[in-house]
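Numbered according to our numbering, the sequence shown spans residues 1346 to 1456. Right, one structure below, let's go through it.
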Amino acid sequence: MLEGFEPTEDTGAVHHVIYEDGSVGRIEVTAGAVPELSRPGSFVSEERYQERVKALEEVQAARIAEVEAAELGRSRADFLALSLLGLAEETARRLSGYTGPDASMLDVGES
């Protein structure tokens, strides 16, 4: 221990917040005082905070899957259209961004 140094009691705390818009916040303070929120929200337990974080992650994952599926559909449709125009498969893939099965595996009548 350093001479003349006396350890102070840890007065830090972590506060969990769910804001009115549904977003979350984790505020760590070192002075022990309850922080003022910069926008409307409520302090919640860590358990409630973790539940909300998990729900937000699930919503985000679903949205990402939706966007990826839509992009795959668009690139597949573009690939099929380019293939039907007579472009070489390699060129049609490059132009459309399609990375799915070979053209021979696709049902051309689906689009």
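Glycine residues also receive a C-beta, built at the ideal position from the N, C-alpha and C atoms.
If I follow the unbroken alpha helix (DSSP H) through residue i, where does it start and stop?
i       : result
Ala1407 : Glu1391 to Leu1429
Can you tell me whether DSSP reads residue i as helix, strand or coil?
i       : result
Val1362 : strand
Glu1373 : strand
Thr1444 : coil
Ala1433 : coil
Using DSSP bridges, identify the partner residues of residue i.
i       : result
Gly1386 : Tyr1364
Just how far apart, CA to CA, sit residue i and residue j?
i       : j       : result
Val1379 : Ala1400 : 26 angstroms
Glu1402 : Ser1383 : 24 angstroms
Gly1357 : Tyr1443 : 52 angstroms
Glu1416 : Asp1447 : 18 angstroms
Arg1419 : Ala1437 : 13 angstroms
Val1362 : Ala1422 : 45 angstroms
Leu1430 : Gln1405 : 37 angstroms
Gln1395 : Ser1441 : 41 angstroms
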